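Chemist: Residue numbering for the sequence shown follows my numbering, starting at 529 and increasing by one per position. The beta carbon of each residue, even a glycine, is placed where N, CA and C say it ideally should be. Values in this document were obtained by computation on a predicted structure and should not be read as measured data.
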Amino acid sequence: MPKADDAELERQVREALEQVLLWDDVKDKLDEPAATLSLEAQQKLCIARLLPVKPRLLLMDEPCSALDPEATAAVEELIWELRGDYTILIVTHNMAQARRASEECVFMLMGEIVEHSPTEEMFVTPKNDKTAEYIEGRYG
């Protein structure tokens, strides 16, 4: 694969940062450490770093665990927008987030798949008693 020139790299960086709604916030800070950004911006930057390689799957492990409610909402909105272009797999113990940020859910217990169904169906009428207990906070 040929190496991208500087102009192509700059285009890819800008495009990725625009896609995660971060360009306007960081365009004048591109040479600064990412640690100077807010936690929300850092999380969006982590997502932006993946986009130029066009992955088929984005795996997000507890993507909002360190964020406040406002930043969580912003990242969840971004995840929802990206789902049209990417398959996104979110690992979370946050039941409210699982319900808000997904179209399908897989409930796993001790490394085993217990249930897989459309999200709303799982939360309203779970098929498995263990799923219902976990969702209701009666397990673990």
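DSSP three-state label for Glu538, please.
Modeler: In the structure shown, Glu538 sits in a helix (DSSP, three-state: H, G or I).
Chemist: Buried or exposed for Val652, going by 16 or more other Cβ atoms inside 10 Å?
Modeler: Val652 should be labelled exposed.
Chemist: Leaving out five residues on either side along the sequence, give the residues of the same chain with a beta carbon under 7 Å from the beta carbon of Leu578.
Modeler: Correct list, in chain order: Leu586.
Chemist: Does the structure place the region 553-563 close enough to the region 584-599 that three or more beta carbon pairs sit under 8 Å?
Modeler: They do not touch, by the three-pair rule.
Chemist: Report back the beta-carbon spacing between Asn622 and Glu643 to the nearest angstrom; my notes put them in contact at under 8 Å.
Modeler: Contact doesn't hold; Cβ gap of about 17 Å is too wide.
Chemist: Look up Thr615 in the DSSP assignment and give the residues it is bridged to.
Modeler: According to DSSP, which records beta bridges pairwise, Thr615 is partnered with Leu585.
Chemist: Just mark Glu648 as buried or exposed, buried being the case when its beta carbon has 16 or more other beta carbons within 10 Å.
Modeler: So Glu648 counts as exposed.
Chemist: Just the C-alpha distance for Thr600 and Val548, rounded to the nearest angstrom, thanks.
Modeler: Looking at the two C-alpha atoms, the distance is approximately 14 Å.
Chemist: Among Glu631, Thr659, Arg539, which residue has its Cα nearest to the Cα of Met638?
Modeler: Nearest option by C-alpha distance: Thr659.
Chemist: Given that a residue counts as buried once 16 or more other Cβ atoms are within 10 Å of its Cβ, and exposed if not, what is Ile641?
Modeler: Classification of Ile641: exposed, given that the 10 Å Cβ count is below 16.
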